[in-house]
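Mapping of the sequence shown onto full-length UniProt numbering: position 102 corresponds to residue 102, and the numbering continues sequentially without gaps.
Just so it is clear, CB atoms sit at the ideal spot from N, CA and C, and this is done for glycine as well.
Each remark here refers to the structure printed beneath this line.
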Amino acid sequence: MAALCRELLASLASSVAFEPRAAKALLADGVRYGRTKLFLRRPLISALDALRDVRLKAMDRMAVKCQALFRGYALRKEMREMWEGFLRLQAAWRAVLYRQAWLRRARAVRVIQRHAKAWLTWRWYQAVKDATVVVQRWFHKQAARLRWTHQRRGLRLFHSLARGWVVRRHVLLMLRAVVTLQRSARDFLVRNRAYWDQVRAVDRKSVV
Numbered sequence: 001m002a003a004l005c006r007e008l009l010a011s012l013a014s015s016v017a018f019e020p021r022a023a024k025a026l027l028a029d030g031v032r033y034g035r036t037k038l039f040l041r042r043p044l045i046s047a048l049d050a051l052r053d054v055r056l057k058a059m060d061r062m063a064v065k066c067q068a069l070f071r072g073y074a075l076r077k078e079m080r081e082m083w084e085g086f087l088r089l090q091a092a093w094r095a096v097l098y099r100q101a102w103l104r105r106a107r108a109v110r111v112i113q114r115h116a117k118a119w120l121t122w123r124w125y126q127a128v129k130d131a132t133v134v135v136q137r138w139f140h141k142q143a144a145r146l147r148w149t150h151q152r153r154g155l156r157l158f159h160s161l162a163r164g165w166v167v168r169r170h171v172l173l174m175l176r177a178v179v180t181l182q183r184s185a186r187d188f189l190v191r192n193r194a195y196w197d198q199v200r201a202v203d204r205k206s207v208v
């Protein structure tokens with residue numbers, strides 16, 4: 001027990017802020033070891049009380065320092081969290097701005113695409129319309145040419161038929177005239193023969 005108390009007091013003396021000689025002298029004069037108790041003198045008790053006050057003040061300072069460190073750490077942590085939140089808020093706001101800008105660009109692109117498609121459609125319609133007009137004009141020309149060809153063929157056929165009819169009518173008239181002439185010639189010949197027969201008969205009667 002006494003040896004343990006000596007070791008504790010020696011470690012206390014080595015750790016206190018006193019001079020080593022004064023601490024050893026104070027411990028040597030102010031401490032008496034019994035069998036089960038430890039007897040301290042008043043100077044040592046006063047020194048230990050002063051040491052306790054010093055230790056308590058040091059502990060207070062250390063506690064204040066620890067509190068300051070903890071508060072600084074907590075404040076830095078809070079500031080870091082606030083800064084991270086601010087950065088996240090900035091990132092979210094930038095994302096909103098970027099999304100709005102992207103949506104505006106997408107709408108502008110859609111408007112441009114719609115106008116471009118409308119212009120291309122109008123151009124294609126104009127090209128088809130012009131081609132249709134050209135095809136219709138060519139078709140009308142071909143139809144008119146074909147109609148004129150048919151009409152010319154019809155006119156030629158009609159002319160040929162009319163000429164044939166005129167020729168046939170002329171031939172028929174000529175044939176009728178020939179038949180009439182032949183009939184008149186036959187009648188004339190018959191009358192002439194009858195006349196001469198009568199003349200000859202009269203001559204024969206006069207001769208007899």
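- Message: DSSP three-state label for K129, please.
- Response: helix
- Message: What does the alpha-carbon distance come out to for the pair V166 and L172?
- Response: Cα to Cα, the separation comes out at about 10 Å.
- Specify the secondary structure class of K57 as computed by DSSP and reduced to three states. helix
- Message: Rounded to whole angstroms, what is the Cα-Cα separation between H170 and L161?
- Response: 14 Å
- Task: Could you tell me if A47 is buried or exposed, where buried requires 16 or more neighbouring beta carbons within 10 angstroms of its beta carbon?
- Result: By the 10 Å Cβ count, A47 comes out buried.
- Item | Inter-residue spacing [alpha-carbon to alpha-carbon] between A143 and A116 | Spanning the two alpha carbons is a distance of roughly 39 Å.
- Message: Rounded to whole angstroms, what is the Cα-Cα separation between W102 and W83?
- Response: 27 Å
- When you compare only the Cα positions, how much space is there between R183 and A177? 10 Å
- Helix, strand or coil for K205, going by three-state DSSP, please let me know. helix
- Item | Where K37 falls: helix, strand or coil (DSSP) | coil
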